[in-house]
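Accompanying notes for the structure given below.
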Amino acid sequence: MAYQPRAPDQSSTPDENTSTRRLYNPYQDLRLPTQTVYNLPTSPEFLFQEESVAQRRSWGENLTYYTGIGYLAGATAGAAKGFATGVKSIESTDTLKLRINRILNGSGHTGRQIGNRCGVIGLMYAGLESGMVAVRDTDDVMNSVVAGLGTGALYKAASGPRSAAVAGAIGGVVVGLAVTGKQVMKRYVPI
């Protein structure tokens, strides 16, 4: 409730006289212009000048980003697949604890497996893409597509040359579509 002062001519009891005193406001002398407080910069701030010149993540940041995104996406998809498998494997004679246990075991096991696979794919892709940028000394779509091609081929290399070639082609196409989709989003979607 806001403070409302009383007129001095009103008679009141001693308890009411104390309520007519002015309350202390610790911020009364603090005059900050709201423009400087709430007008924050929209451009990124850098600690060192050479960081502002770079237009992309470093190889270490790339490695961490792609590996983490790959593991997180794979673990989420694997947990969903494991959940469905766990629900299908429930028998009519199972108790509630056994049903929950089947679902949790299925989600955890499949989530870990697929998460680890996708994390390794992200790790290989980040390494190949950073290597391509270092070798070609340019950052363009070709680096990403070749890195996707190489990642697919390396991931399936143990299965034979035909499997490696098919996986490489799939990797190159998927990365090409992803990069093209990203450029289309940047161009047509105002963010």
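When the sequence shown is numbered by full-length UniProt numbering, its final residue is 191 and no position is left out of the sequence of numbers.
Yeah, the Cβ is synthetic: ideal placement off N, Cα and C, and Gly gets one too.
If you're wondering where the values come from, they're calculated on a predicted model, not measured in any experiment.
Residue i in three-state terms, based on DSSP
| i | result |
| --- | --- |
| E61 | helix |
| I100 | helix |
| T151 | helix |
| N143 | helix |
| F83 | helix |
| Y66 | helix |
| L128 | helix |
| E50 | helix |
| N116 | helix |
| L23 | coil |
| residue 192 | Because the chain in this structure spans residues 1 to 191, residue 192 falls outside the shown range and cannot be described. |
| Q28 | coil |
| G160 | coil |
| I90 | coil |
| T110 | helix |
| Q183 | helix |
| R136 | helix |
| T76 | helix |
| V175 | helix |
Distance, residue j Cα to residue i Cα
| i | j | result |
| --- | --- | --- |
| T138 | G82 | 42 Å |
| D140 | K182 | 13 Å |
| N101 | G78 | 17 Å |
| N62 | A126 | 6 Å |
| V135 | P44 | 28 Å |
| G122 | G108 | 21 Å |
| T85 | A147 | 34 Å |
| S58 | L104 | 38 Å |
| T42 | P190 | 15 Å |
message: Pairs of beta-carbons, one from the stretch 73-89 and one from the stretch 113-127, closer than 8 Å: are there three or more?
response: yes
message: With three or more C-beta pairs closer than 8 Å as the rule, is the stretch 171-180 touching the stretch 137-156?
response: yes
- prompt: If we count Cβ pairs, one from each stretch, closer than 8 Å, do we get three or more for the stretch 85-98 versus the stretch 160-169?
  reply: no
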